[in-house]
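**Student:**
In this note's numbering, the protein residues as written are 993 to 1180.
(1) Go ahead and pull the three-state DSSP assignment for residue 1081.
(2) Given a cut-off of 9 angstroms, decide if residue 1039 and residue 1135 are closer than it, judged by their beta-carbon atoms.
(3) I need the straight-line Cα distance from residue 1165 to residue 1153, nearest angstrom please.
(4) Going by DSSP, what residue range makes up the beta strand (DSSP E) through residue 1109?
(5) Given a threshold of 16 other Cβ atoms within 10 Å of its Cβ, counted over all protein chains shown, does residue 1105 qualify as buried or as exposed?
(6) By the DSSP assignment, the alpha helix (DSSP H) with residue 1055 in it spans what residues?
(7) Could you compute how far the alpha carbon of residue 1115 sits from the alpha carbon of residue 1085?
(8) Mind checking which residues open and close the beta strand (DSSP E) that includes residue 1146?
(9) Once the 5 residues before and after residue 1126 are set aside, which same chain residues still bring their CB inside 7 angstroms of it?
(10) Can you tell me the Cβ-Cβ gap for residue 1159 and residue 1048, rounded? I've got them flagged as a contact below 8 angstroms.
(11) Excluding five sequence neighbours on each side, which residues of the same chain lie with their C-beta closer than 8 angstroms to the C-beta of residue 993?
(12) Expressed to the nearest angstrom, what Euclidean distance is found between the alpha-carbon atoms of residue 1171 and residue 1156?
(13) Between residue 1168 and residue 1075, what straight-line distance do the alpha-carbon atoms span, to the nearest angstrom?
(14) In this structure, how does DSSP classify residue 1033 when only helix, strand and coil are distinguished?
(15) So what's residue 1093 in DSSP terms, helix, strand or just coil?
(16) Taking the alpha-carbon positions, what's the residue 1124 to residue 1133 distance?
(17) Any idea what DSSP makes of residue 1190, helix, strand or coil?
(18) Quick check on this structure: which residue in 1079, 1073, 1053, 1059 has the alpha carbon closest to the alpha carbon of residue 1067?
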């Protein structure tokens, strides 16, 4: 007779086998809900849609100022776009310069650590750590850029931007939020 807890047995939801070790949250269990992600909580209603984040933030701030339970609201960005802003051209020299800066900070840190335990001239230890760190950082920066073979000769910064921001609240509080927003339009 074969046991379901043998080495070839498949994991089953709710089974208390020793096939899978317990993780930080305890024993593994079967997913709940419809299988399309975590439970989202109570149903929500969109009470307003705004072209920028500061407008949506003003609405939630207004609700908070008027004692609305804002812990039952959220600002949801939709129509997300990844925008990569090109900051400049990257050359081997610039990569070496940036690497020198990073290495100098690391060298300063190491120099400070060694300087704490130095009996003699602790300032010299810190300066040597800074200089050695800058030199090694420049070497590593230049080598790392040269190894890309010209595949990415620019620096950039990425950000997520939303085309629209919706303010949502729990369904049972939607009427209260709409009434408050109606007063905001009149007084604003």
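Ideal placement from N, C-alpha and C gives every residue a C-beta, glycine not left out.
**Tutor:** Walking through what the data contain:
(1) Counted from its first residue, the chain shown places residue 1081 at position 89. DSSP places residue 1081 in strand when its eight states are reduced to three.
(2) Counting from one through the chain shown, the residue named residue 1135 turns up at place 143. Counting from one through the chain shown, the residue named residue 1039 turns up at place 47. Contact flag unset, no.
(3) The residue labelled residue 1165 in the question sits at position 173 within the chain shown. The residue labelled residue 1153 in the question sits at position 161 within the chain shown. Residue 1165 and residue 1153: Cα-Cα distance of roughly 28 angstroms.
(4) The residue labelled residue 1109 in the question sits at position 117 within the chain shown. Note, residue 1109: premise wrong, no beta strand (DSSP E); not H, not E.
(5) By one-based count along the chain shown, residue 1105 stands at place 113. Exposed, since its Cβ has fewer than 16 Cβ neighbours within 10 Å.
(6) On the chain shown, position 63 is the one that residue 1055 refers to. Taken as a continuous stretch (DSSP letters only), the alpha helix (DSSP H) holding residue 1055 covers 1045-1057.
(7) What you label residue 1115 is simply residue 123 of the chain shown in a count that begins at 1. What you label residue 1085 is simply residue 93 of the chain shown in a count that begins at 1. Spanning the two alpha carbons is a distance of roughly 30 angstroms.
(8) The residue you call residue 1146 lines up with position 154 of the chain shown. Here the beta strand (DSSP E) through residue 1146 covers 1146-1162.
(9) Residue mapping note: residue 1126 aligns to position 134 of the chain shown, counting from 1. Once the five neighbours on either side are set aside, the close Cβ partners of residue 1126 are 1092, 1095, 1096, 1099.
(10) Stepping through the chain shown from its first residue, residue 1159 is reached at position 167. Stepping through the chain shown from its first residue, residue 1048 is reached at position 56. Indeed they touch by this definition, with Cβ atoms about 5 angstroms apart.
(11) Reading the chain shown from its first residue, position 1 is the one you call residue 993. Below a pLDDT of 50, predicted positions are generally treated as unreliable, and residue 993, at 45, falls in that range; no measurement from the model is reported.
(12) For the purposes of this step, residue 1171 is identified with residue 179 of the chain shown, where counting begins at 1. For the purposes of this step, residue 1156 is identified with residue 164 of the chain shown, where counting begins at 1. Approximately 23 angstroms between the Cα atoms of the pair.
(13) In the chain shown, the residue the question calls residue 1168 occupies position 176. In the chain shown, the residue the question calls residue 1075 occupies position 83. Cα to Cα, residue 1168 sits roughly 37 angstroms from residue 1075.
(14) Here residue 1033 corresponds to residue number 41 of the chain shown, with the count starting at 1. Of the three classes helix, strand and coil, the one that applies to residue 1033 here is coil, per DSSP.
(15) Translated into positions along the chain shown, residue 1093 becomes position 101. Three-state DSSP puts residue 1093 in a helix.
(16) In the chain shown, counting from the first residue as 1, residue 1124 sits at position 132. In the chain shown, counting from the first residue as 1, residue 1133 sits at position 141. Their Cα atoms are separated by approximately 14 angstroms.
(17) With the chain covering only 993 through 1180, there is no way to say anything about residue 1190.
(18) Taking the chain shown and counting its residues from 1, the one referred to as residue 1067 is at position 75. Among 1079, 1073, 1053, 1059, the Cα nearest to that of residue 1067 belongs to 1053.
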